[in-house]
Amino acid sequence: MRRGLIGLVAGVALIASIGIATAKAKEPLKLTDGQMDSVTAGGTNPTVSSAQTLANLVTISNNTLNNLLTISNNTLGFFNAFTGFAASTPAV
Numbered sequence: 175m176r177r178g179l180i181g182l183v184a185g186v187a188l189i190a191s192i193g194i195a196t197a198k199a200k201e202p203l204k205l206t207d208g209q210m211d212s213v214t215a216g217g218t219n220p221t222v223s224s225a226q227t228l229a230n231l232v233t234i235s236n237n238t239l240n241n242l243l244t245i246s247n248n249t250l251g252f253f254n255a256f257t258g259f260a261a262s263t264p265a266v
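So the sequence shown is residues 175 to 266, counted in the working numbering.
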């Protein structure tokens, strides 16, 4: 009974939210020429060259790769310590 009530409440809330969203929807805004001049979505920064952008990406990639290699080496060292411990421990 309780599951059915929770499902019913969730369904009513979903239907009500669709109605609210539809009522709040408006037409697209019309921008003036001045507003359009300041829109930069998807634009690029002309002061930064493609070569500089590529160099930045290579630097970030190298740093990430070095961090991953460090993690891998530390993990291997950690597990190798267990094999060394197991080899030095006498069998019972």
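Using N, Cα and C, we set each Cβ at its ideal position, and we do this for glycine too.
Distance, residue j Cα to residue i Cα
i: Leu239; j: Thr233; result: 10 Å
i: Ser212; j: Ala187; result: 40 Å
i: Lys204; j: Gln226; result: 37 Å
i: Leu231; j: Asn241; result: 15 Å
i: Asn237; j: Leu243; result: 10 Å
i: Ala190; j: Ser246; result: 52 Å
i: Gln209; j: Thr249; result: 54 Å
i: Pro202; j: Gly178; result: 40 Å
i: Ser223; j: Ala229; result: 10 Å
i: Phe253; j: Ser235; result: 27 Å
i: Thr257; j: Leu182; result: 58 Å
i: Thr221; j: Asp207; result: 24 Å
i: Ile192; j: Gly185; result: 11 Å
i: Ala255; j: Ile180; result: 53 Å
CB contact below 7 Å: residue i versus chain C
i: Asn237; result: Going by chain labels, chain C is absent from the structure shown, which holds only one protein chain.
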